[in-house]
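178 is the number that the UniProt record's numbering gives to position 178 of the sequence shown; each next residue is one higher, with no gaps.
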Amino acid sequence: PVFTQSVYGPKDPVVPVDTESTHKMTGVDKVHALGITGKGIKIGIIDTGIDYTHPSLGAGFGKGKKVIGGYDFVGDNYNGTNTPVPDPDPLDQCAGHGTHVAGIIGANPGNAFNISGVAYDASLSAYRVFGCTGDTSDDVIVDALLRGFLEGQDILTLSLGGSNGWSESFSAVVASRIAAVGIVVTIAAGNDGTSGSWYTSSPGNGIDVISVASID
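1. Take I215 and list the residues in its own chain whose beta-carbon comes closer than 8 Å to its own, dropping the five residues that flank it on each side.
2. Straight-line CA distance for I36 to N82?
3. Identify every residue that forms a DSSP beta bridge with K42.
4. Quick check: what's the CA-CA separation for N108 versus A180?
5. Between A119 and W166, what straight-line distance do the alpha-carbon atoms span, to the nearest angstrom?
6. Can you check which of these residues, D47, P88, G161, is closest to G96 by C-alpha distance?
7. Any idea what DSSP makes of L34, helix, strand or coil?
8. Would you call the region 63 to 80 in contact with the region 168 to 183, where contact means no fewer than 3 C-beta pairs closer than 8 Å?
9. Quick one: any contact between the region 126 to 139 and the region 84 to 99, if contact means 3 or more CB pairs under 8 Å?
10. Would you be able to state if there are at least three C-beta pairs under 8 Å between the region 137 to 144 and the region 169 to 177?
11. By Cβ distance, which residues of its chain are closer than 6 Å to Y52, with the 5 residues on each side in sequence left out?
12. Output the distance between the C-alpha atoms of G49 and L57, rounded to the nearest integer angstrom.
13. Examine chain D for any beta-carbon lying closer than 7 Å to the beta-carbon of V118, and answer yes or no.
14. If the criterion is Cβ atoms closer than 7 Å, does the pair S159 and I207 meet it?
15. Express the C-alpha separation of G40 and Q153 in angstroms, rounding to a whole number.
16. Helix, strand or coil, according to DSSP, for A175 in the structure here?
17. Mark residue 221 as exposed unless 16 or more other C-beta atoms lie within 10 angstroms of its C-beta, in which case mark it buried.
18. Hey, quick one: how far does the alpha helix (DSSP H) through D143 stretch, first residue to last?
19. For P86, is the beta carbon positioned less than 6 Å from some heavy atom of the ligand PLP?
20. On the premise that G204 lies in contact with A188, defined as a C-beta separation below 8 Å, what is that separation, rounded to the nearest angstrom?
21. In this structure, does DSSP put I207 in helix, strand or coil?
Following this line, the structure appears as structure tokens:
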């Protein structure tokens, strides 16, 4: 079977000005104080693409920029059920979720909003697996995982998932095998616990995968 996947992220429509209290809560400020800011690390973001024109994300694409590479596996009109139309430009101009994720990871410091990424000196690659609306599918996610692995990413991160509690789904198996050879793979556990306390979305339930959740 083909399992559809959806993006995961905060649902609160009212977002206050960020004073970086989250960095203090999670200890990121202490890591930054040690001079650890992601320099030399390559992170592949498998999501809706990245708006790399944003000044906090380097305002450009390619060698010498923050977003050094990536690929669009699907095109704007893909909705999870129709035929993908790939192209080499992973620019996110319509969905925003991948840009949000990229900001959490790598937004440049020193801006008027006092926002910075956890690893703001890391190099990012955008692997676009969602169109402007709708879902995606396991085969597209696997293509992105494999490309990220072959392109030498140190970390692959996916803020997405689908309803499948077993670790043997196509994408979960591939994520598990990539993690087994030493690549850090972080994947969302899900947005809520409607399927039960022990139910983790796939591919976040892969073996050796870091499945990320939050609590209130």
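Even for Gly, the Cβ is constructed at its ideal location relative to N, Cα and C.
Given the structure is predicted, the values throughout are model-derived calculations rather than measurements.
So, from the listed chains and residues:
1. none
2. 43 Å
3. S123
4. 31 Å
5. 32 Å
6. D47
7. coil
8. no
9. yes
10. yes
11. F61, V67
12. 12 Å
13. The displayed structure is made up of one protein chain only, and chain D is not part of it.
14. no
15. 11 Å
16. helix
17. The chain is shown only over 1 to 216; residue 221 falls outside these bounds and no answer can be derived.
18. 138 to 150
19. With respect to the ligand PLP, the structure offers nothing, as it holds no ligand at all.
20. 6 Å
21. coil
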